[in-house]
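2 protein chains.
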Amino acid sequence: MERGDPVTLDLLRGTLDMLVLKTLSRGPLHGYGIAQRIKQNSSDVLQVGEGSLYPALQRLLLQGWVTAEWGTSETNRRARFYGLTKDGRRQLARETDEFRRMVAAIGQVMELA
Amino acid sequence: MERGDPVTLDLLRGTLDMLVLKTLSRGPLHGYGIAQRIKQNSSDVLQVGEGSLYPALQRLLLQGWVTAEWGTSETNRRARFYGLTKDGRRQLARETDEFRRMVAAIGQVMELA
DNA sequence: TTCGATACCTCGATGATCGAAATATACAGG
DNA sequence: CCTGTATATTTCGATCATCGAGGTATCGAA
Numbered sequence: 001m002e003r004g005d006p007v008t009l010d011l012l013r014g015t016l017d018m019l020v021l022k023t024l025s026r027g028p029l030h031g032y033g034i035a036q037r038i039k040q041n042s043s044d045v046l047q048v049g050e051g052s053l054y055p056a057l058q059r060l061l062l063q064g065w066v067t068a069e070w071g072t073s074e075t076n077r078r079a080r081f082y083g084l085t086k087d088g089r090r091q092l093a094r095e096t097d098e099f100r101r102m103v104a105a106i107g108q109v110m111e112l113a
Numbered sequence: 001m002e003r004g005d006p007v008t009l010d011l012l013r014g015t016l017d018m019l020v021l022k023t024l025s026r027g028p029l030h031g032y033g034i035a036q037r038i039k040q041n042s043s044d045v046l047q048v049g050e051g052s053l054y055p056a057l058q059r060l061l062l063q064g065w066v067t068a069e070w071g072t073s074e075t076n077r078r079a080r081f082y083g084l085t086k087d088g089r090r091q092l093a094r095e096t097d098e099f100r101r102m103v104a105a106i107g108q109v110m111e112l113a
């Protein structure tokens, strides 16, 4: 892999749910849009495959962290809009804390300032 | 899980190899010692289970990133000492870069200053 | 009408991590 | 001497998120 290439989340498995929740915290969005936003907001570094995203959304739905509603996209196509619930917001806070804690711990071991 | 509890690397799968290489970059160490060091250097945040550590060492051996040698531990017990190879050092640099890149990208999406 | 972009879903494969169990030894305390 | 604790390694099955690829469908532009 070349430096600068887009990467998947395999290296940091478990963070996709957090990223999705965060992306939805700015307002409802459909699956395709979520993937685009994550790509954009990460300066094209993060690539979220559909085979990862849709299962993730199913998980979040089952947990009650998001709701889903069929509607019409900006491009006039049938799309499913996901929205964050109150529990989802709480979960986002929890996962964010946990992530910071993990990264800080690893940074300590790795001596990353 | 309570805030402050030790955590496994499940959330950041793929970083264990990097942590092991980094730990060995200070000099040879046996498996048990590696786990202790990672725990200590992370202020008791990171817990490396044996069921994760030893397979990881096997991977690193196979890749030629570490060497292994039987010897005697500080406590006079039979132990296997692992040492970083030149390739291991290069790999450590690669993984460190990749990790920083990923964390930076995620931090951007998550709006973590 | 063809093509690219949008949009969703599903499937099997992969592979790292986990928890638990088994084994063994050194040493200290009672 | 006996027992428990810490040290030290290995192996096993289970879990589960991610991946890549494939399938379906629609819209609008060329």
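These protein sequence lines map, in sequence, to chains A and B. 1 is the number of the first residue of the first sequence in my numbering; add one for each residue after it. 1 is the number of the first residue of the second sequence in my numbering; add one for each residue after it. Beta carbons: idealized from backbone N, C-alpha and C, even for Gly.
The count of Cβ pairs closer than 8 Å, one atom from the stretch 41–55 of chain A and one from the stretch 85–95 of chain A, stays below three, leaving the stretches out of contact. At a cut-off of 7 Å between C-beta atoms, R89 of chain A does not count as an interface residue with respect to chain B. Look at G14 of chain B: its C-beta is under 7 Å from a C-beta on chain A. Around A35 of chain B, the same chain offers V48, L53 as residues with beta carbons nearer than 6 Å, after the five sequence neighbours per side are excluded.
With a threshold of 7 Å between beta carbons, L29 of chain A makes no contact with chain B. In summary, L21 of chain B is buried, with 16 or more beta-carbon neighbours lying within 10 Å of its beta-carbon over all protein chains present. Listed along chain B are A105, I106, Q108, V109, each with a C-beta nearer than 8 Å to that of S42 of chain A.
Counted as a single uninterrupted DSSP element, the alpha helix (DSSP H) harbouring G107 of chain A occupies residues 86–110. Against chain B, a Cβ distance below 8 Å from L57 of chain A picks out nothing, because the smallest value is about 17 Å. Considering only beta carbons, the part of the stretch 71–102 of chain A lying closer than 8 Å to chain B consists of T96, D97, E98, F99, R100, R101, M102, in chain order.
By the rule that beta-carbons nearer than 7 Å mark a contact, I38 of chain A touches chain B.
Distance between L92 of chain B and G107 of chain A, taken at the CA atoms: about 14 Å. For L46 of chain A, at least one C-beta of chain B is nearer than 7 Å to its own C-beta.
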